[in-house]
Amino acid sequence: RNAPPELREPVLAAVAEGGGSLFVSGVDPGWGNDVLPLLISGLGTTVDVIRCQEIFDYSTYDQEDSVRHLVGMGHPLDYEPPMLAPTVPTMVWGGQLRLMAR
Numbered sequence: 003r004n005a006p007p008e009l010r011e012p013v014l015a016a017v018a019e020g021g022g023s024l025f026v027s028g029v030d031p032g033w034g035n036d037v038l039p040l041l042i043s044g045l046g047t048t049v050d051v052i053r054c055q056e057i058f059d060y061s062t063y064d065q066e067d068s069v070r071h072l073v074g075m076g077h078p079l080d081y082e083p084p085m086l087a088p089t090v091p092t093m094v095w096g097g098q099l100r101l102m103a104r
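In structure tokens form, the structure reads like this:
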């Protein structure tokens with residue numbers, strides 16, 4: 003319910019049309035990012051795609067070093083945040099991706 007309607011409604015319509023289900027949570031790192039995708043993928047016989055999307059109101063997240071400098075929010079578009087350095091995304095999320103690929 004926290005996602006804007008323009009993001010939420012197409013997803014809910016696709017779930018309804020396909021007869022699927024949707025579980026939305028958080029916590030990264032932790033069970034929402036690591037354990038839950040493994041658990042849910044075991045409920046079916048095939049997995050075509052797993053998508054993760056974060057929707058968060060960072061205006062209430064009092065961690066300026068992380069949000070502003072590491073991730074780059076509030077900087078000009080040509081600012082290259084450390085989070086996007088070539089090895090960082092793989093270092094942060096690679097373990098979960100490799101585990102799911104097995």
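Here the sequence shown is numbered in the numbering used here, starting from 3 and rising by one per residue.
Using N, Cα and C, we set each Cβ at its ideal position, and we do this for glycine too.
Values in this document were obtained by computation on a predicted structure and should not be read as measured data.
Skipping 5 residues on each side, what residues in its chain have a beta carbon closer than 8 Å to that of residue i?
i, result
"Met75", "Tyr60 and Val69"
"Leu14", "Leu24"
"Glu82", "Gly74"
Relative to the alpha-carbon of residue i, which residue among the options has its alpha-carbon at the smallest distance?
i, options, result
"Gly97", "Asp36, Glu19, Arg53 and Gly22", "Asp36"
"Pro91", "Val73, Asp80, Met102 and Ala103", "Val73"
"Ile42", "Gln55, Glu56, Leu24 and Thr62", "Leu24"
"Arg108", "Leu86, Asp64, Ile52 and Ala87", "Since the displayed the chain opens at 3 and closes at 104, residue 108 lies outside it and no answer follows."
"Asp67", "Pro78, Thr47 and Met85", "Met85"
Residue i lies in the alpha helix (DSSP H); which residues open and close that run?
i, result
"Met93", "Val90 to Ala103"
"Pro7", "Pro7 to Gly20"
"Ser43", "Val37 to Ser43"
Excluding the 5 residues flanking residue i on each side, which residues of the same chain have their C-beta closer than 6 Å to its C-beta?
i, result
"Phe58", "none"
Between residue i and the rest of its own chain, which residues show a CB-CB distance below 7 Å, the 5 nearest in sequence each way excluded?
i, result
"Gly20", "none"
"Ala5", "Ile57"
"Arg12", "In the sequence under discussion, the amino acid at residue 12 is Pro, which differs from the Arg named in the question. If we look at Pro12 and ignore the five residues flanking it on each side, it has no Cβ neighbours."
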